[in-house]
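Colleague: Per the numbering used here, the sequence shown runs over residues 1 to 658.
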Amino acid sequence: MRSLIPTGDGNPRGLTKPAFGFPSNESEEGVFHEGRKVPGLGDPLVPDANSVWMFDVSNPAKPEVVAKVKTGILIHAPADSGKAVGGSSPNALLVFKDTLFVTNANNDTVQYLDAKTLEIRKTVKLAPEPTLSTLRGVIPSGMTISADGSKLYVCASGLNAIAVIDIATGMVESWIPTGWFPTACKLSADQRTLYVSTQKGLGLGPRGAKHKRPESDERFGLQDMPGMICKVDLASLKPGLQDVLRNNGMIPSKEPAPSLPDNIEYVVFITKENHTFDGIFGGLKGATSEPDYAEFGLNGWIKEKGKDERLPIMPNHIRLAEQFCISDNFYMEPQASGDGHRWLVGVYPSLWTTRVFYSGWGFGKSETAKGRVVSMTSNGSPIPEDYLENGSMWEHLSRGGIAFRNYGEGFEFPDNDEGPMTNRSGAYTQVNFPMPKVLFDNTDFNYPAYNNYIPDIARVDWFAEDLEKYRLEHDNKIPRFINVTLCNDHGAAPVAKNGFPFVASYMADNDLALGKIVAYLSSQPEWKKMAIFVTQDDSGADSDSIDRHRSYVLCISPWAKRANVSHEHTSVISIIKTIYGLFDLGPNNLFDATATDLSDMFTNTPDFTPYKYVPVDPRVFKPEDTFDPTDPKFERRRKDGPVVKMDDPDFVEWLRNR
1 MRSLIPTGDG NPRGLTKPAF GFPSNESEEG VFHEGRKVPG LGDPLVPDAN
51 SVWMFDVSNP AKPEVVAKVK TGILIHAPAD SGKAVGGSSP NALLVFKDTL
101 FVTNANNDTV QYLDAKTLEI RKTVKLAPEP TLSTLRGVIP SGMTISADGS
151 KLYVCASGLN AIAVIDIATG MVESWIPTGW FPTACKLSAD QRTLYVSTQK
201 GLGLGPRGAK HKRPESDERF GLQDMPGMIC KVDLASLKPG LQDVLRNNGM
251 IPSKEPAPSL PDNIEYVVFI TKENHTFDGI FGGLKGATSE PDYAEFGLNG
301 WIKEKGKDER LPIMPNHIRL AEQFCISDNF YMEPQASGDG HRWLVGVYPS
351 LWTTRVFYSG WGFGKSETAK GRVVSMTSNG SPIPEDYLEN GSMWEHLSRG
401 GIAFRNYGEG FEFPDNDEGP MTNRSGAYTQ VNFPMPKVLF DNTDFNYPAY
451 NNYIPDIARV DWFAEDLEKY RLEHDNKIPR FINVTLCNDH GAAPVAKNGF
501 PFVASYMADN DLALGKIVAY LSSQPEWKKM AIFVTQDDSG ADSDSIDRHR
551 SYVLCISPWA KRANVSHEHT SVISIIKTIY GLFDLGPNNL FDATATDLSD
601 MFTNTPDFTP YKYVPVDPRV FKPEDTFDPT DPKFERRRKD GPVVKMDDPD
651 FVEWLRNR
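(1) What is the residue span of the alpha helix (DSSP H) that Gln430 lies within?
(2) Taking 8 Å as the cut-off, does the region 378-388 touch the region 573-582 (at least 3 CB pairs, one atom from each stretch)?
(3) Ordered along the chain, which non-local residues of its own chain (more than five positions away) have a Cβ less than 8 Å from that of Gly300?
(4) Could you tell me which residues DSSP puts in a beta bridge with Pro182?
(5) Terminal residues of the continuous beta strand (DSSP E) containing Tyr32?
(6) Quick test of the definition: if touching needs 3 or more C-beta pairs under 8 Å, does the region 462-475 touch the region 29-36?
(7) Taking C-alpha atoms, which residue in Asp80, Gly158, Ala67, Ile167 lies nearest to Tyr112?
(8) What ranges does the alpha helix (DSSP H) occupy inside the region 295-337, keeping only unbroken runs of at least 4 residues that lie completely in it?
(9) Report the start-end ranges of each alpha helix (DSSP H) in the region 68-121 that is 4 residues or longer and not cut off at the edges.
(10) Could I get the ranges of all uninterrupted alpha helix (DSSP H) runs contained in the region 224-296, with 4 residues as the minimum, in chain order?
(11) Once DSSP output is grouped into helix, strand and coil, what is the label at Arg636?
(12) Sort out for me which residues DSSP pairs Trp53 with in a bridge.
(13) How many Å lie between Arg219 and Asp9 at the Cα?
(14) Going by DSSP, what residues sit across from Gln191 in a beta bridge?
(15) Looking only at C-alpha atoms, which of Asp292, Ala92, Ser557, Val57 sits nearest to Lys210?
(16) For Pro610, which of Lys622, Met530, Thr570 has the nearest alpha-carbon?
(17) Does DSSP classify Trp394 as helix, strand or coil?
(18) Closer than 6 Å by C-beta to Ala92: which residues in its own chain qualify, once you throw out the five before and the five after it? Chain order, please.
(19) State the DSSP-derived secondary structure class of Ser582, mapped to helix, strand or coil.
(20) Nearest to Thr683 by alpha carbon, out of Ser551, Pro587, Asp339?
(21) Just how far apart, CA to CA, sit Thr594 and Pro618?
(22) Determine the direct distance from the alpha carbon of Pro128 to that of Asp233, and round the result to whole angstroms.
(23) Considering only the beta carbon of each residue, do Ile162 and Ala156 sit closer than 8 Å?
(24) Is the beta carbon of Leu126 less than 8 Å from the beta carbon of Val172?
(25) Determine the burial state of Asp224: buried for a count of at least 16 other Cβ atoms within 10 Å of its Cβ, exposed for fewer.
(26) Would you call the region 422-435 in contact with the region 489-504, where contact means no fewer than 3 C-beta pairs closer than 8 Å?
(27) For Lys272, is the classification buried or exposed, using 16 other Cβ atoms within 10 angstroms of its Cβ as the cut-off for buried?
(28) Within a Cβ cutoff of 7 Å, which residues of the same chain sit near Ser133, ignoring the five residues on either side of it in sequence?
(29) Could you check what DSSP says for Glu473 in three-state terms: helix, strand or coil?
(30) Give the single residue among Ile573, Ile517, His549, Pro494 whose Cα lies nearest to the Cα of Tyr613.
(31) Identify the residues that DSSP records as bridge partners of Gly21: which are they?
(32) For the alpha helix (DSSP H) holding Met507, just list the boundary residues, first then last.
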């Protein structure tokens, strides 16, 4: 059961790291940790987990349970790719005569149950193509049924489609393409029209002073990404399977695909916060972009001072793009950090996450609203409620025998205390959430998660310190996969006395940190066999001439094409697919199985020249004005500063319009 962290004899702000990983005995039974007894969460197979219950409500004042059943695949039970990591996530129910239909979002199944006893009669597995049937990502959700009970229409949220099931045979007889992420559908009274609601509609489109929506745009005058209702004329409907396959990249190309280099043994994945392509790289030679949106580029500006003075804000980003390879046709699947950090760890957000992370935005430990069980905010770390059947990148790497080390990801939980520092981790866990056990065991908890009190240049020093220690303890070897978060380009309110006189100062700090970490890594002996990928968790508040979802990926490696802009259409999950490909791992879900990888960014002719970072412009940021990370008493500094929740809507609006 979820609970607040007890105070005990520990720090009243909470835990410096979660008390346990899941699954483990500690996560079930509890453990004494940091001066207090932290209760366990109990058995994940309790009766009310991933189940359907039937109540007799003939007396509304005293409803009685008359039947209950677990649907789908149980946690830790055998599944197509091994043991299930997460639960089945039953979500939609539909009763027709004596049958109850249930969709299991994480198992990609629809089950027929006896409406009186809840006995499971039949399980229908949804897969768009037989060769992909062992992978998950269809995400079945809302349903409707024809008046004669012969056809069941099921929203396939992950495929942007409707699956039409012949109820008698349990076979999918056709597919209907829809808008982005359908979640509910309904037939008209005459059965000729199917109405489908799609959560994300047509997407965002471009944003900025030069790219405002025209009145002819269906989204004109509406919020950034409005939902949409599709009207499907069933009488004139043509077979849609090929369209659905094509829309989801499931039709193999006739052209031979370029292959990933086989010389790479080490991968470093650096993730940051909230920028579009144009926000930093507008005007980059060879790229499709808008220079007037490049507030943080080489010809950027300090917004508090106006645009008259132009100066470099993030010069290392530009130099890395100019020396190595960047994509200008790269897009973010997520809308904000709440789902963004899930994509970054190879997880397509579950139906539960996608539906509730915005509605749970204001969650706090003092929450008193009755029935308020959603505890998300924008914080980006997966919690047990949204673990997928096959898990995340962490489980996939572990199953493949790939040693990894994590810096800063995975323990930024809802209502974390991310205020003034009294330790390196920079965050205190206040609610009793676990981490995935394999991640818990491979994380440096002295490396800070999201916290704008901590300069990114300090994070880089602490990263190098830990990696050298790792070498000493592992026969001079480093992990094959390294995950690093550098968070300060999220931005926060200026605090001059702490070294951040402008919002742009946070960007400059982040830029210098990126330059330094690449310079450090490219001086290591593993550099000749290394690839570094750099991207954002979402595209935040910047304007962009192509699409508000457009961001960038940098490919930094001796094997990267030098001074190259890739125009291949890719996304966050393309990076994940590439990581798996470089390690000779198969796909983990439908999304990484069908994504375009980053092979277009590599060459077979290496250049082993290490990177030299660019010093920061002192008009924007002076590193010496922050704290000295080698000083053991650094916590005495920075007592006042920003407390900015990740992607808080009010802050994002302020950042965009300040």
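Think of the CB as a built atom: it goes at the ideal place given N, C-alpha and C, for glycine as much as any other residue. What you are looking at is a predicted structure, and each value in this text was computed from that prediction instead of being measured.
Modeller: The short version:
(1) For this step, residue 430 is matched to residue 430 along the sequence shown. Gln430 -> no alpha helix (DSSP H), and no H or E assigned at all.
(2) no
(3) Position 300 of the sequence shown, counted from the first residue, corresponds to residue 300. The residues are Ala294, Arg310, Leu311, Pro312, Ile313, Met314, Ala504.
(4) Stepping through the sequence shown from its first residue, residue 182 is reached at position 182. The partner list for Pro182 (beta bridge, DSSP) reads Thr198.
(5) Taking the sequence shown and counting its residues from 1, one reaches residue 32 at position 32. Per the sequence shown, the amino acid found at residue 32 is Phe instead of Tyr. It spans 30-33 - the beta strand (DSSP E) in which Phe32 sits, taken as one unbroken run.
(6) no
(7) If you number the sequence shown from 1, residue 112 lands on position 112. Taking only the C-alpha atoms, the option nearest Tyr112 is Ile167.
(8) 315-323
(9) none
(10) 241-247, 277-281
(11) Along the sequence shown, read from residue 1 onward, the residue named residue 636 stands at position 636. Here Arg636 scores only 42 on pLDDT, less than 50, and its place in the model is too uncertain to base an answer on.
(12) In the sequence shown, the residue the question calls residue 53 occupies position 53. Paired residues: Lys68.
(13) In the sequence shown, counting from the first residue as 1, residue 219 sits at position 219. In the sequence shown, counting from the first residue as 1, residue 9 sits at position 9. The alpha-carbon atoms of Arg219 and Asp9 are separated by roughly 54 Å.
(14) Numbered from its first residue, the sequence shown carries residue 191 at position 191. Beta-bridge pairing links Gln191 to no other residue.
(15) Taking the first residue of the sequence shown as 1, we reach residue 210 at position 210. Nearest of Asp292, Ala92, Ser557, Val57 to Lys210, Cα basis: Asp292.
(16) Residue mapping note: residue 610 aligns to position 610 of the sequence shown, counting from 1. The candidate whose alpha carbon is nearest that of Pro610 is Met530.
(17) What you label residue 394 is simply residue 394 of the sequence shown in a count that begins at 1. Helix, per DSSP.
(18) As a working note, residue 92 is residue 92 in the sequence shown. Within the same chain, Ala92 has close Cβ partners Thr103, Ser141, Gly142, Met143.
(19) Against the sequence shown, residue 582 aligns to sequence position 582. In the sequence as displayed, the identity of residue 582 is Leu instead of Ser. It is helical.
(20) Residue numbering for the chain in the displayed model covers 1 to 658; residue 683 lies beyond these limits and cannot be assessed.
(21) On the sequence shown, residue 594 is found 594 positions in, with the first residue counted as 1. On the sequence shown, residue 618 is found 618 positions in, with the first residue counted as 1. Going from the Cα of Thr594 to the Cα of Pro618 covers about 45 Å.
(22) Here the question's residue 233 lines up with position 233 in the sequence shown. Here the question's residue 128 lines up with position 128 in the sequence shown. Going from the Cα of Asp233 to the Cα of Pro128 covers about 22 Å.
(23) Walking along the sequence shown from the start, residue 162 turns up at place 162. Walking along the sequence shown from the start, residue 156 turns up at place 156. Their beta carbons are under 8 Å apart, which means Ile162 touches Ala156 by this criterion.
(24) Translated into positions along the sequence shown, residue 126 becomes position 126. Translated into positions along the sequence shown, residue 172 becomes position 172. Contact flag set, yes.
(25) Along the sequence shown, one-based indexing puts residue 224 at 224. By the 10 Å Cβ count, Asp224 comes out exposed.
(26) no
(27) Taking the first residue of the sequence shown as 1, we reach residue 272 at position 272. It is buried - the Cβ of Lys272 has at least 16 other Cβ atoms within 10 Å.
(28) On the sequence shown, residue 133 is found 133 positions in, with the first residue counted as 1. Lys125, Ala127, listed in sequence order.
(29) Working through the sequence shown from its first residue, we reach residue 473 at position 473. Glu473: helix per DSSP, three-state reduction.
(30) Sequence index remark: in the sequence shown, residue 613 carries index 613 (1-based). The residue with the shortest Cα to Cα distance from Tyr613 is Ile517.
(31) The count along the sequence shown starts at 1 and reaches residue 21 at position 21. Met435.
(32) Against the sequence shown, residue 507 aligns to sequence position 507. From DSSP, the alpha helix (DSSP H) with Met507 extends over 503-521.
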